[in-house]
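Numbering (our numbering), first residue to last: 6 to 212.
Ideal placement from N, C-alpha and C gives every residue a C-beta, glycine not left out.
This structure is a prediction, so every number in the text was calculated from the model and none was measured.
The structure appears right after this line, and notes come after that.
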Ligand code: URA
Ligand code: SF4
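Quick look at the structure:
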């Protein structure tokens, strides 16, 4: 049975998790990837943002949300009045999953499967245990699947604060779209404004 659990230091702070993550063999995604991409930001943040998985640029740099979607997210946080240096950002899956037609060809993002979400979940659980944010923002369907299950729907439930029982006690969650969906939207301005509006719900909650 695959899973990251045996590589996750028990009760470790984020820095210990980050140091251990490169050894993870919890699923097969480590092998074609360049490196593990762990989290970034403040480990004492009141708000955590959870994405899907690193993209091509994140995989090369080893830092989450530094590619096109990440730049859009940073701008959206600014516009929503969220101090982006004060948040914690991470992903549901820590290795880039992609397909590639051949050596040197462009690497095309592939959505992680349930098996990858489940395998990688012990890292996310351990991070959130240490950071213990007051609000966890799920960016898109993969983060929602990883943290809230299949009962929550991004487009139906976005922009609402949800309370959920976690291993840390009752905690708040907010669902919004993934920033990459804004980049693909026909009405990009409208999609961006809706993302900012959702993030503002979080900013107001913590104000
Ligand atoms: N998309 C994500 O979900 N995470 C990243 O780190 C980059 C792009
Ligand atoms: Fe481990 Fe997650 Fe990478 Fe799979 S994706 S090898 S579980 S860190």
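Beta-carbon spacing of residue i, residue j below 8 angstroms
{"i": "residue 123", "j": "residue 211", "result": "no"}
{"i": "residue 179", "j": "residue 142", "result": "yes"}
{"i": "residue 127", "j": "residue 8", "result": "yes"}
{"i": "residue 55", "j": "residue 148", "result": "yes"}
{"i": "residue 163", "j": "residue 182", "result": "yes"}
{"i": "residue 47", "j": "residue 91", "result": "yes"}
{"i": "residue 200", "j": "residue 53", "result": "no"}
{"i": "residue 39", "j": "residue 64", "result": "yes"}
{"i": "residue 125", "j": "residue 31", "result": "yes"}
{"i": "residue 102", "j": "residue 34", "result": "yes"}
Environment of residue i [buried if 16+ CB atoms lie within 10 Å]
{"i": "residue 145", "result": "buried"}
{"i": "residue 78", "result": "buried"}
{"i": "residue 209", "result": "exposed"}
{"i": "residue 160", "result": "exposed"}
{"i": "residue 110", "result": "exposed"}
{"i": "residue 166", "result": "exposed"}
{"i": "residue 191", "result": "exposed"}
{"i": "residue 57", "result": "buried"}
{"i": "residue 151", "result": "buried"}
{"i": "residue 107", "result": "exposed"}
Inter-residue CB distance, residue i and residue j (contact presumed, cutoff 8 angstroms)
{"i": "residue 12", "j": "residue 24", "result": "Wrong, their Cβ atoms sit about 11 angstroms apart, outside the cutoff."}
{"i": "residue 61", "j": "residue 112", "result": "5 angstroms"}
{"i": "residue 22", "j": "residue 131", "result": "5 angstroms"}
{"i": "residue 220", "j": "residue 205", "result": "Since the displayed the chain opens at 6 and closes at 212, residue 220 lies outside it and no answer follows."}
{"i": "residue 173", "j": "residue 153", "result": "Incorrect: roughly 15 angstroms between the Cβ atoms, too far for contact."}
Span of the beta strand (DSSP E), counted from its first residue to its last, around residue i
{"i": "residue 10", "result": "Segment: none, residue 10 is in no beta strand (DSSP E) and carries neither H nor E."}
{"i": "residue 166", "result": "166–171"}
{"i": "residue 143", "result": "140–144"}
{"i": "residue 179", "result": "174–181"}
{"i": "residue 95", "result": "93–96"}
{"i": "residue 55", "result": "52–56"}
{"i": "residue 112", "result": "112–114"}
{"i": "residue 130", "result": "First-last for residue 130: 119–136, but that is the alpha helix (DSSP H), not the beta strand (DSSP E)."}
{"i": "residue 105", "result": "103–105"}
Identity of the residue in the options nearest residue i by Cα
{"i": "residue 75", "options": "198, 202, 50 and 188", "result": "188"}
{"i": "residue 121", "options": "100, 133, 134 and 108", "result": "100"}
{"i": "residue 185", "options": "151, 17, 133 and 59", "result": "59"}
{"i": "residue 51", "options": "108, 63, 134 and 72", "result": "134"}
{"i": "residue 70", "options": "94, 32, 19 and 10", "result": "94"}
{"i": "residue 37", "options": "115, 202, 197 and 171", "result": "115"}
{"i": "residue 202", "options": "175, 156, 171 and 83", "result": "83"}
{"i": "residue 14", "options": "89, 129 and 66", "result": "129"}
{"i": "residue 49", "options": "175, 196, 68 and 89", "result": "89"}
{"i": "residue 29", "options": "66, 207 and 10", "result": "10"}
Endpoints, the alpha helix (DSSP H) within which residue i is located
{"i": "residue 74", "result": "73–85"}
{"i": "residue 63", "result": "61–66"}
{"i": "residue 206", "result": "193–211"}
{"i": "residue 160", "result": "159–162"}
{"i": "residue 20", "result": "19–25"}
{"i": "residue 187", "result": "184–189"}
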